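Here's the structure we're looking at; comments come further down.
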Amino acid sequence: MNAPFRRSATVPQMRAPRTRRPRPGTPGQVLAWLPDGRPADVYSAPCPSRAALDRIADKWTALIVGALSTGTKRYAELRQAIEGISEKMLTQTLRSLERDGLVTRTVHPTVPPKVEYGLTELGRTLEAPLAAVRDWAELHINEVNEARLRYDTDQA
Numbered sequence: 001m002n003a004p005f006r007r008s009a010t011v012p013q014m015r016a017p018r019t020r021r022p023r024p025g026t027p028g029q030v031l032a033w034l035p036d037g038r039p040a041d042v043y044s045a046p047c048p049s050r051a052a053l054d055r056i057a058d059k060w061t062a063l064i065v066g067a068l069s070t071g072t073k074r075y076a077e078l079r080q081a082i083e084g085i086s087e088k089m090l091t092q093t094l095r096s097l098e099r100d101g102l103v104t105r106t107v108h109p110t111v112p113p114k115v116e117y118g119l120t121e122l123g124r125t126l127e128a129p130l131a132a133v134r135d136w137a138e139l140h141i142n143e144v145n146e147a148r149l150r151y152d153t154d155q156a
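Have a look at this one:
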């Protein structure tokens, strides 16, 4: 009878090579490695980079980052700069951006307390990409509206 196979303690275990499946966007390029040794991949549902994408792809995030790109602002100034945002959404988005390290919240010890929001260094890295998305939306809105009208007409 054969004895069960046992791996010798002197033989090092081989690790699978770091590979990633082909994906859209930047094929074959690994942008960052996660602490557990896996590549960051927003197309993979459990990857934490998906949550980061969800945060920065949010319309309120794009508008808040744009509003803060000119410098620190108080809550009321942000609310005034971003038409249509509710107090609840502004508060929730600012908290999320602060938690993600994109925005700083500074409380000045005055009566009443003065609170200012500003972009962190990490938050500043979003200025150009989000400005490009905002610019694209403004540049192509007529084409988007025409496409919507054609689609809606064809569906009727």
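Each residue of the sequence shown is one higher than the one before, counting from 1 in the UniProt record's numbering.
C-beta: ideal position from N, C-alpha, C; glycine also.
Note that the structure is predicted; figures quoted are calculated from it, not measured.
Put simply, of A76, W60 and P39 the residue whose alpha carbon is nearest the alpha carbon of L130 is W60. G71 and A147 have their C-alpha atoms roughly 37 Å apart. In this chain, L31 is not harboured by any beta strand (DSSP E), its DSSP state being neither H nor E. Around the CB of T106, fewer than 16 other CB atoms lie within 10 Å, so the residue is classed as exposed. Within the model, the alpha-carbon separation for K88 versus V30 is close to 37 Å.
Spatial neighbours of T120 in its own chain (CB-CB distance under 7 Å, excluding positions within 5 residues in sequence) are listed in chain order as G101, L102, V103 and T104. L122 places its beta carbon 8 Å or farther from that of V65. In the three-state reduction of the DSSP assignment, V65 falls in the helix class. Under the three-state reduction of DSSP output, L102 falls in the coil class, being neither helix nor strand. The alpha-carbon of P113 is positioned some 12 Å away from that of Y75. Closest in C-alpha terms to A137, from the list Y151, I85 and A62, comes A62. Judged by their CB atoms, D41 and C47 are nearer to each other than the 8 Å cut-off. Beta-bridge analysis with DSSP links L119 to V103.
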